[in-house]
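Heads up: the structure comes next, in structure tokens.
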């Protein structure tokens, strides 16, 4: 047994990333404590002694810290227990003892084992010892050194998750002897990152499987699997249960992930009923960490978004009602550690109502949170003419607090916000007119607002130059404010689409064997006139429509894809175009690989070839054709690797092929090419085609290619 000698290592100061949140919501900062310089913060928890004095516990990279909270604005450091240097430290409490685990990216027996802190003499006399027990879970005797997490249930059993023993499942210990826990049982089928227990059911977060599992542990020496369920981002990090045991809440430790809500009232029929993530940083790579349930609220640490409180009284309609951002640097993927900065842990369970948050970069926060109820808005969206429900209507309460929801397949929507009052609400769907309505929202109550949406149809007829109707022509309708819509013509060449009145549209039409056509700046005022689009006979493809080109590849990356090009840049030089050629309709082209936000090594052609082949063309009515197209070709890389890769273009007739184009030198812009093909070059047939092949057979080269604006015109 070791006795702790008080050392005032931490300080109440403000550092680079520790500036107070300038825009907290329903949350006040009482105290902020920075750890010693160079020591990262980890998780936090709380302890209350027999006299009701509350203590904050926080893990650091090399210490476990304890502060007493006689004065919430001036915490007093009572212990700084040195341990293994680590990036994970977790702690839980049983009666007057604290139990702490440590972990690292390579779990092993060289870590602290189980740190047991005796708080019976606190605040003045805190003692501790490290326990390294030996377990045999099927791999022989193994010394407990590291565990990722610990949970202690209401019956005095500890559950150690992600340990270096076995495969890292869950080890169950009896804490009847608080200073010398005894082994009871284990579940060691697969790695468990975290664990939670309530009412003899154990919930494991099996992060690499992307699931949580429920186990019957009425007999703790023999846990029995009940059921499992997958979480939204397949990287289940932690779970916590509602007080009534009917709902489970989970986090996925992934960029842009959610807190999920599951109805587990029937464990054999688990249903995901809602999910939440902050809208003000949506898409920035922000990562949720741990969530806890308290009296109808979820208290969640959300890394660079800080400390979050979500009203979960209605678990199928999760609404954020309070927040405090402990991290003042860049959000998510733009932070120094690419999202793994900021708020690590949160503790909401003090009887006083005070809460704790631990920050990796700036230490411990003592917070006073006003747990206000959310104001709910719910209803159903239907078509004004048919009465049928409308899916994917976007509902926005027009307030300073960002909020956005969509109606489900039944037309139902559920949303809300922290503030009450009368607000304008916008209902928007790309096929219908926008509707705005007023709703009075009341804290803790549900306001019902059902809305009907009116639809206006734009009517189009596609014909050829002789006035003949064209069936199965593809039509694309777009505007600045709407997502592009695609419809196809019927046997009479007619098509309709729901659009908005008083909007300016671009209309495009295409079919293989015809030349594409475009009408720009068409202002739709709601009239029932029919818009005529004429497409002439001929072989032409600008790739704004999928007209049936085949893709065949052996390459492991950089495969041809039809899309709006995303640029790839190396040393300020574009190696993959960020636009299509300007000689055609639309913005699409065929390019080799088109992933967003990747480096030049990730989506260029590698380890093989990639080919596109056109649909067949009937060239039997002419003796000569002019073939035109635009290309982009880049080859570069190591100067020690021969640059022998090429871009080839072939013409085939179903029996043989001829090479008409080859590129071996890099180009820095789209280049137009034109070739005269006659029957002296290749016999014409009804099965003519063009084939484009790009390859990178050697390691060390960068190869990118593009193909656009294809035409094959009969020469008279």
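Numbering (the numbering used here), first residue to last: -9 to 706.
Note that the Cβ used here is the ideal one computed from N, Cα and C, for glycine as well.
Exclusion of the five residues before and after residue 668 leaves 613 and 614 as the residues of its chain whose Cβ lies within less than 7 angstroms of its Cβ. Taking the C-beta atoms as reference points, residue 18 is found nearer than 7 angstroms to residue 358.
Looking at the DSSP output, residue 498 bridges to 466 and 508. Of all alpha-carbon atoms in 492, 29, 333 and 345, the one lying nearest the alpha-carbon of residue 63 is that of 345.
The continuous beta strand (DSSP E) containing residue 196 extends over residues 191 to 196. Of the other Cβ atoms in all chains shown, fewer than 16 fall within 10 Å of the Cβ of residue 258; this residue is therefore exposed. Looking at the DSSP output, residue 294 sits in no beta bridge, so it has no partner there. Within the same chain, and ignoring the five residues on either side of residue 657 in sequence, the residues whose Cβ sits closer than 8 angstroms to its Cβ are 621, 622, 623 and 624. Per DSSP, the continuous beta strand (DSSP E) segment holding residue 313 begins and ends at 309 to 314. Burial of residue 305 is indicated by the presence of at least 16 other C-beta atoms within 10 angstroms of its C-beta. Between the beta-carbon of residue 401 and that of residue 370 there is about 5 angstroms, and that keeps the pair under the 8 angstroms contact cut.
Residue 291 is positioned such that its CB atom lies no closer than 7 angstroms to that of residue 307.
A direct Cα-Cα distance of roughly 15 angstroms separates residue 409 from residue 368. Within the DSSP secondary-structure output, residue 322 pairs in no beta bridge. With respect to the C-alpha of residue 512, the residue from 14, 533, 550 and 489 having the closest C-alpha is 489.
When DSSP states are grouped into helix, strand and coil, residue 17 belongs to the strand group. Ranked by how close their Cα comes to the Cα of residue 69, the residues 574, 115 and 178 have 115 in first place. For residue 635, the secondary structure class from DSSP, reduced to helix, strand or coil, is coil.
By the CB criterion at 7 angstroms, residue 301 and residue 309 fall inside the cutoff. Taking C-beta atoms as the reference points, residue 675 and residue 643 count as a pair closer than 7 angstroms.
Counting only residues of its own chain and dropping the five nearest sequence neighbours on each side, residue 383 has a CB closer than 6 angstroms to the CB of 371, 397, 417 and 419. In the DSSP assignment, no residue is bridged to residue 567. By the 16-neighbour rule on beta-carbons within 10 angstroms, residue 432 is exposed.
Per the coordinates, the alpha-carbon of residue 594 lies some 6 angstroms from the alpha-carbon of residue 583. Per DSSP, the unbroken beta strand (DSSP E) holding residue 333 starts and ends at 333 to 337.
The straight-line gap separating the alpha-carbon atoms of residue 470 and residue 495 is approximately 8 angstroms. The closest CA to that of residue 618, considering only 610, 639, 608 and 47, is found on 639.
Measuring C-alpha to C-alpha distances from residue 342 to each of 46, 260 and 685 identifies 46 as the nearest. By the 16-neighbour rule on beta-carbons within 10 angstroms, residue 208 is exposed. Of the other Cβ atoms in all chains shown, fewer than 16 fall within 10 Å of the Cβ of residue 616; this residue is therefore exposed.
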